[in-house]
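A short worksheet on the structure shown next.
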Amino acid sequence: MTHHTVATPPYRHTQRLRRILACILASSAGMALTACVSIKTVTPGTPVTQVIQQFGQPTLTCPLGTGGQRLIWSQQPGGQEAWGTTTDAEGRVGPVTQLLTDAHFQVLKTGTWTPEQLLCEFGPPAEKTAVGLPSSLQIVWSWRYMQDGVWYSLMHVYLGRDGEQVTRFHPGPDPRYEADSWWWN
163 MTHHTVATPP
173 YRHTQRLRRI
183 LACILASSAG
193 MALTACVSIK
203 TVTPGTPVTQ
213 VIQQFGQPTL
223 TCPLGTGGQR
233 LIWSQQPGGQ
243 EAWGTTTDAE
253 GRVGPVTQLL
263 TDAHFQVLKT
273 GTWTPEQLLC
283 EFGPPAEKTA
293 VGLPSSLQIV
303 WSWRYMQDGV
313 WYSLMHVYLG
323 RDGEQVTRFH
333 PGPDPRYEAD
343 SWWWN
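Each step along the sequence shown adds one to the number in this note's numbering, with nothing skipped, and position 19 is 181.
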């Protein structure tokens, strides 16, 4: 018995390849469009109702003396980002900025910072703890963020013994990402 192999005409391979490439390009375009839809791309002057409709209710809203509001969308306690903006009295947003960065935490170097001001500047912290000896415990609020844009870290903000005013702050590694907690398991 003789077996004959029938060759597939070359144009069929070309058609199949074109369909595969079309599918890849279509899915890539869809992913690219999805990736572009981010709260950081909101144009200043956009009505706050439109921003809320697109990105959901903010995690925190603080009234401002100007008649506007401070709005924060936070990923805390698990994520490393929080986005904030202010609105004017007419309900139009200003620039939307990433709040949990080394540069932005530097605002804590100037002035006096209360817990309420911390909340309205950075959003709710990931953790609230007390550290130190029983006779000198200090209240510490910590926000998860990407130190220098690459390191999973916590920014620890100390509020003193009474928890009423920022006394100091510093970054430290996020223990959730320590090598022995995931690398060796």
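Don't be surprised by glycine CBs; every beta carbon is placed ideally from N, CA and C.
- Between residue 286 and residue 238 the beta-carbon gap is near 6 Å, inside 8 Å, which marks them as a contact.
- When C-beta atoms of the region 262 to 279 are compared with those of the region 306 to 321, three or more pairs fall below 8 Å, so the two segments count as touching.
- When 291, 333, 299 are compared, the shortest CA-CA separation from residue 314 is found for 333.
- Rounded to the nearest whole angstrom, the C-alpha separation of residue 275 and residue 318 is 14 Å.
- The C-alpha of residue 231 lies about 22 Å from the C-alpha of residue 272.
- Distance from the CA of residue 288 to the CA of residue 217, rounded to the nearest whole angstrom, comes to 21 Å.
- Residue 246 counts as buried, since no fewer than 16 other beta carbons sit within 10 angstroms of its beta carbon.
- For the beta strand (DSSP E) assignment, the uninterrupted runs of no fewer than 3 residues enclosed by the region 304 to 347 are, from N- to C-terminal side, 313 to 320, 330 to 335.
- Residue 219 sits exposed, since fewer than 16 C-beta atoms from the chains shown fall within 10 Å of its C-beta.
- Judged by DSSP in its simplified three-state form, residue 236 adopts strand.
- In its chain, beyond the 5 residues on either side, 303, 321, 325, 326 have a beta carbon closer than 8 Å to the beta carbon of residue 277.
- Taken through DSSP and simplified to helix, strand or coil, residue 269 comes out as helix.
- With distances taken between CA atoms, residue 280 lies nearest to 244 out of 298, 244, 292.
- Contact between residue 331 and residue 270 holds: their C-beta atoms lie close to 5 Å from each other, under 8 Å.
- Buried is the label assigned to residue 213, since at least 16 other Cβ atoms lie within 10 Å of its Cβ.
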